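So the protein sequences, as listed, match chains F and V. The numbering used here numbers the first residue of the first sequence as 22 and each following residue consecutively. The numbering used here numbers the first residue of the second sequence as 22 and each following residue consecutively. Cβ atoms here follow ideal geometry from the backbone N, Cα and C, with glycine treated the same way. Just so it is clear, the structure is predicted and the values come from calculations on it, not from any experiment.
Number of protein chains: 2
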Amino acid sequence: MPRREEPDIPEARLIPEATVARLPLYYRALLEIADQSIGTVSSEQLAELAGVNAAKVRKDLSHLGSYGTRGVGYDVEHLVGEVSRELGLTRDWPVAILGLGNLGRALANYRGFGARGFRIVALVDADPDKVGQAVGDLTIEPVEALSSIVAQRRVAIGVIATPAPAAQAVADRLVAAGVASILNFAPTVVVVPPEVTLRKVDLATELQILSFYQQHRRRVPDRARV
Amino acid sequence: MPRREEPDIPEARLIPEATVARLPLYYRALLEIADQSIGTVSSEQLAELAGVNAAKVRKDLSHLGSYGTRGVGYDVEHLVGEVSRELGLTRDWPVAILGLGNLGRALANYRGFGARGFRIVALVDADPDKVGQAVGDLTIEPVEALSSIVAQRRVAIGVIATPAPAAQAVADRLVAAGVASILNFAPTVVVVPPEVTLRKVDLATELQILSFYQQHRRRVPDRARV
DNA sequence: CAGCGCTTGTGACCGCGTGCACAAGCGCGG
DNA sequence: CCGCGCTTGTGCACGCGGTCACAAGCGCTG
C-alpha cells in the first residue's frame, strides 16, 4: 500500500467534501429560482428547495466567499455564476461512455446527461459486433482505440457501464490514457490511483440498503400516514 | 442522508448507517469468495475485496455479532448467511418501476437488478401511449392503477425513473399506496414523510462533483458514496 | 440620522465515524 | 500440555460535519 502523499501545496480555499456534494443541489435550486426572475434568495428559501437546512446552506456558501448581503439574502444571478464557476460548469467537459449494454445506451440517449457542460464525445465497447453501430449521433468504437480517442477529443470524464468483470480493465485503460475522473456504474469495486477521482453509482447496493431498512422497519401499530 | 428517527424505543442491536452502507460490499465480496469454495476469510482479505480497510471490516461485522474465530477468520458460508439475513436478502422484494423512458426501460431490462431477492413486478407510466406496451415480460400499466397494484402485488420498493417534474407526484402516490422504500433517479429533490426511506441516484450531481474535482485538480479520497 | 427588523456569517459544541494499537483468544506444533 | 503465531474484537483518541445561537451588518423608515 503506497503511503499517502503529504499536501505540499496548502490550498487557500479548500471546500469540504460534504459541501461539494451539496453544491449541485444548490445549483439546481438556483436555476429554478432564476427562471422565475427572482432577484434575491434567502438561505431559508434555498434550503427549502435543496432539501437541506438553512444553517448548512449558509455555511456551505460561506466557503465559496461572502456573496450574501445581510438583511437581504443572496443575489440569485451572481450566486448562480459563482456556484457554476466553482463546479466547473462554465467549461465544456468531454465525456466517454464505456460499455453499451442497456444501461450504456440509456445513458447515451439520456438528455439531462449532457444538459450543462457535459458532452458525450465517444462510445466505446469491447464487443466487435457492437462496434460500428450508431447510437444517437455517435458510432460505437473499439476499446483498442480508447487511448487515441481520449487524446484527440480531450476526454475528461469516463463513464463505465460495462459488466462487472470488465470494469477494472476498462478503468485501467482510462487511467493509462490520462482520464482523471471516472464514474463507475458497474457493480464491482474498482481501484484507481489516488490522483484519479472515482465515484460510483451502484443499483444493487442501493436496493440492498433499502431492503435493510425495510426489513428493520419498526412495526409501529397504525401510525397515521401523512 | 436520511435523518435518524428518535430512539423512543431503544433498539437492541442498532447498526450504524455507515456500516449498513458497506454491508452490500461485503456481501458481494463474500459471494465471490464462496464461489471459489474457500472455507474461511480474514478481515484483511475481505477488506481487499471490498475496497475498505481491515479495521473497518472487523468493526462492521462485530455489529452483526461475533461471527469470527480469532486466529482463523470468518466462516464464509456462515457469514454470507448472516449478512444476507441482515440485509433482508433471504426474502423476496417486489419492485415497481415508475416511468419508462430510456432509463426506466434500461432498469427493467437490467439483469443484475433482480439478481438477488429483488423482483420487478410492475411497470407504470403516466403516458397513455406507453400503457399497454410490453417491456420484457411485463406490460406497462397506467399510474392510476398504482394503488391497487401495490396492494395486490405487495410492492415494497418503488423506483422512480420519471422526468424531474413528475417525480414528487409519483412519490406521493407511492407513499399514499403504502410503499415505504423509494429509490429516486429523477434529478430533483423529493420529499417524503420520515417513516419512508428514500435514497437517490443522481447522474447530474455525480458528474458535477467530478467536474469540481477535475477543475480543482486536487486528489480526493476515494470515498464510497453509498 | 437613529432605530429597528431581517438575514448573513461564524464561533462553539457535540456526536458519529475512522483508524490505531493492543489485549483476548483460538488452533497448531513440538 | 505448553508456548507461539495469527486474527479477531474493541477501547481510545481524533477529526469532520452538523446544529445552534448570536453577533455583525445591511437597508428601510420615520
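Where residue i meets chain V, residues with beta-carbon distance less than 8 Å
| i | result |
| --- | --- |
| residue 195 of chain F | Simply none; closest approach about 13 Å. |
| residue 45 of chain F | 223, 225, 226, 229 and 230 |
| residue 157 of chain F | Residues of chain V passing the Cβ test: none, with the nearest at roughly 10 Å. |
| residue 167 of chain F | None at all; the shortest Cβ gap to chain V is about 18 Å. |
| residue 110 of chain F | 229 and 232 |
| residue 187 of chain F | Within 8 Å Cβ-Cβ: nothing; residue 187 of chain F doesn't reach chain V, min ~13 Å. |
C-beta atoms of residue i and residue j nearer than 7 Å
| i | j | result |
| --- | --- | --- |
| residue 219 of chain V | residue 213 of chain V | yes |
| residue 108 of chain V | residue 233 of chain F | yes |
| residue 79 of chain F | residue 64 of chain F | yes |
| residue 97 of chain V | residue 47 of chain V | no |
| residue 70 of chain V | residue 50 of chain V | yes |
| residue 142 of chain F | residue 174 of chain F | yes |
| residue 95 of chain V | residue 102 of chain V | no |
| residue 158 of chain F | residue 140 of chain F | no |
| residue 222 of chain F | residue 210 of chain V | no |
| residue 156 of chain V | residue 129 of chain V | yes |
| residue 201 of chain F | residue 191 of chain F | no |
| residue 110 of chain V | residue 138 of chain V | yes |
| residue 127 of chain F | residue 124 of chain V | yes |
| residue 229 of chain V | residue 45 of chain F | yes |
Beta-carbon proximity list for residue i, same chain, < 6 Å, skipping 5 on both sides
| i | result |
| --- | --- |
| residue 38 of chain F | none |
| residue 194 of chain F | 167 |
| residue 40 of chain F | 81 and 84 |
| residue 154 of chain F | 161 |
| residue 172 of chain V | none |
| residue 57 of chain F | none |
Proximal residues of chain F, C-beta to C-beta of residue i below 9 Å
| i | result |
| --- | --- |
| residue 163 of chain V | Per Cβ cutoff of 9 Å: no residues; residue 163 of chain V is ~23 Å from chain F at best. |
| residue 177 of chain V | 231, 232 and 235 |
| residue 88 of chain V | Correct list: empty, because the minimum Cβ distance to chain F is about 17 Å. |
| residue 172 of chain V | Residues of chain F passing the Cβ test: none, with the nearest at roughly 14 Å. |
| residue 117 of chain V | Ordered by position in chain F, no residue passes the 9 Å Cβ test against residue 117 of chain V, which lies about 13 Å from the chain. |
Beta-carbon proximity list for residue i, same chain, < 8 Å, skipping 5 on both sides
| i | result |
| --- | --- |
| residue 207 of chain V | 120, 181, 182, 183, 184, 185, 187 and 188 |
| residue 226 of chain V | 208 |
| residue 30 of chain F | Annotation note: pLDDT 37 at residue 30 of chain F (below 50); position unreliable, coordinate value reported separately. Excluding positions up to five away in sequence, the list is empty. |
| residue 178 of chain V | 114, 115, 116, 117, 139, 200, 202, 203 and 204 |
| residue 73 of chain F | 43 and 46 |
| residue 149 of chain V | 163 |
Contacts of residue i in chain V (Cβ-Cβ under 7 Å)
| i | result |
| --- | --- |
| residue 85 of chain F | Within 7 Å Cβ-Cβ: nothing; residue 85 of chain F doesn't reach chain V, min ~11 Å. |
| residue 6 of chain F | This structure cannot settle anything about residue 6 of chain F, because the visible part of chain F is limited to 22 through 247. |
Chain-ordered neighbours of residue i on chain F, where CB pairs are closer than 8 Å
| i | result |
| --- | --- |
| residue 202 of chain V | 231, 232, 234 and 235 |
| residue 220 of chain V | 227, 230 and 231 |
| residue 131 of chain V | 123, 124 and 224 |
| residue 51 of chain V | Near residue 51 of chain V there are no residues of chain F at all, since even the closest Cβ is about 13 Å away, more than 8 Å. |
| residue 48 of chain V | 229 |
| residue 76 of chain V | What residue 76 of chain V touches in chain F: nothing, since even the nearest Cβ is about 13 Å away. |
Contact set for residue i: own chain, Cβ-Cβ below 7 Å, skip 5 residues either direction
| i | result |
| --- | --- |
| residue 243 of chain F | Reliability of the predicted coordinates at residue 243 of chain F is poor, the pLDDT of 33 falling under 50, and the value obtained from them is presented with this limitation in mind. So no residue of the chain qualifies. |
| residue 246 of chain F | Bear in mind that the predicted position of residue 246 of chain F carries a pLDDT of just 28, short of 50, making it too unreliable to give a figure here. |
| residue 152 of chain V | 146, 161, 162 and 163 |
| residue 93 of chain V | 61 |
| residue 100 of chain V | 51 and 88 |
Chain-ordered chain F contacts of residue i [CB-CB under 7 Å]
| i | result |
| --- | --- |
| residue 82 of chain V | Here the premise fails: no neighbours, minimum Cβ distance about 15 Å. |
| residue 41 of chain V | 230 and 233 |
| residue 72 of chain V | 210 and 212 |
| residue 68 of chain V | In chain order: nothing, as chain F lies at least about 11 Å away. |
Heavy atom of the ligand HEM within 6 Å of residue i beta-carbon
| i | result |
| --- | --- |
| residue 187 of chain V | Although the ligand HEM was asked about, the structure shown includes no ligands whatsoever. |
Partners in chain V for residue i, counting only beta-carbon separations shorter than 9 Å
| i | result |
| --- | --- |
| residue 107 of chain F | 233, 236 and 237 |
| residue 138 of chain F | 228, 229 and 232 |
| residue 192 of chain F | The premise fails here: residue 192 of chain F is roughly 12 Å from chain V at the closest Cβ pair, so nothing lies under 9 Å. |
Mind listing, in chain order, the continuous beta strand (DSSP E) runs of no fewer than 3 residues lying wholly within the region 51–127 of chain F? 94–96 and 114–119
Counting only runs that start and end within the region 189–236 of chain V, where is the alpha helix (DSSP H) found for 4 or more residues in a row? If you keep only unbroken alpha helix (DSSP H) runs of at least 4 residues inside the region 189–236 of chain V, you get nothing at all.
So, does the region 159–178 of chain F touch the region 108–118 of chain F, judging by three or more C-beta pairs under 8 Å? yes
Unbroken stretches of the alpha helix (DSSP H), 4 residues or longer, contained in the region 137–173 of chain F: none
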